[in-house]
Amino acid sequence: MDSNLANTASLLWHAYKSLPSPSAEVNWAGFYVLDPKKLSSSTPKPQLILGPFQGKVACQTILFGRGVCGTAASSKTTQLVPDVEAFPGHIACDGDSKSEIVVPILKGEEVVAIIDIDCAELNGFDEVDQRWLERLAVLLGEACNW
219 MDSNLANTAS LLWHAYKSLP SPSAEVNWAG FYVLDPKKLS SSTPKPQLIL GPFQGKVACQ
279 TILFGRGVCG TAASSKTTQL VPDVEAFPGH IACDGDSKSE IVVPILKGEE VVAIIDIDCA
339 ELNGFDEVDQ RWLERLAVLL GEACNW
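Following the numbering used here, the numbering of the sequence shown begins with 219 at its first residue and continues without gaps.
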């Protein structure tokens with residue numbers, strides 16, 4: 219799984235960087251995966267832990283329901299955010315990020331990971347990004363050994 223996600227993070231990064239703006243302004247592309255501990259005494263909710271990525275140093279853990287990533291994980295729905303400052307509870311791992319798209323990866327009915335891509339421009343993503351990233355999420359959910 220890790221090598222699949224690492225290669226996919228690199229491919230996403232370089233694909234976005236090869237496109238015209240705003241896509242070329244992607245400043246983070248990668249994954250958060252379900253913490254294998256899922257629930258512990260110190261973590262009352264499931265949490266995501268940092269997986270393979272390209273970009274600046276990132277937050278290590280994100281609770282389900284917190285920020286854009288946690289919201290995508292808890293709701294099992296894509297979060298297409300044109301302006302992260304307008305998203306309630308946004309977690310700012312990189313102050314340069316202005317927009318974000320987060321797509322959950324499911325294995326059956328369970329969220330096993332999320333795809334997270336940030337852009338340094340407002341409105342960095344659209345429905346085309348959403349459609350193709352959701353297709354990628356289905357492929358990863360089926361192909362990886364979760």
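Beta carbons are placed, not taken as given, at the ideal position from N, Cα and C, and that holds for glycine.
Same chain only: Cβ atoms within 7 Å of residue i, ignoring 5 sequence neighbours per side
i      : result
Ser331 : The residue you asked about is not Ser; residue 331 is Ala in the sequence shown. Result list for Ala331: Phe249, Tyr250, Val251, Leu252, Gly269, Ile323, in chain order.
Lys263 : Leu281, Phe282, Gly283
Gln265 : Asp253, Thr279, Ile280, Leu281, Phe282
Ile309 : Cys277, Ile280, Arg284, Gly285
Leu399 : Lying before the first or after the last residue shown, residue 399 is absent from the chain, which here runs from 219 to 364.
Ser292 : Phe282, Gly283
Whole-angstrom distance between residue j and residue i, CA atom to CA atom
i      : j      : result
Ala168 : Asp334 : There is simply no residue 168 to check, as the chain begins at 219 and stops at 364 in what is shown.
Ser228 : Ser221 : 11 Å
Glu360 : Lys325 : 7 Å
Phe271 : Ser236 : 17 Å
Glu327 : Ala338 : 32 Å
Ala304 : Lys274 : 22 Å
Ser169 : Gly307 : Since the displayed the chain opens at 219 and closes at 364, residue 169 lies outside it and no answer follows.
Leu419 : Leu354 : Lying outside 219 to 364, the shown extent of the chain, residue 419 is not represented and no answer is given.
Asp336 : Ser315 : 6 Å
Asn225 : Leu358 : 12 Å
Lys294 : Gln348 : 14 Å
Ile267 : Ser239 : 30 Å
Secondary structure of residue i, DSSP reduced to three states
i      : result
Gln278 : coil
Asn363 : coil
Lys316 : coil
Glu339 : coil
Glu327 : coil
Leu237 : coil
Gly307 : coil
Asp334 : strand
Gly269 : strand
Gly248 : strand
Contacting residues, own chain, Cβ-Cβ under 6 Å from residue i (five flanking each side not counted)
i      : result
Tyr234 : Ser241, Val244
Met219 : Cys362, Asn363
Val320 : Val286, Cys287, Ala290, Gln297, Ile332, Asp334
Leu351 : Val321, Ile333
Trp231 : Ala247, Gln272
Residue i Cβ short of 7 Å to the ligand NAP heavy atom set
i      : result
Gly342 : This structure lacks the ligand NAP, and indeed carries no ligand of any kind.
Own chain residues within Cβ distance below 8 Å of residue i, not counting five before or after
i      : result
Asp312 : Asn245, Trp246, Gly273, Lys274, Ala276, Asp336
Examine the Cβ distances between the segment 288 to 303 and the segment 341 to 348 and report whether three or more of them are shorter than 8 Å. yes
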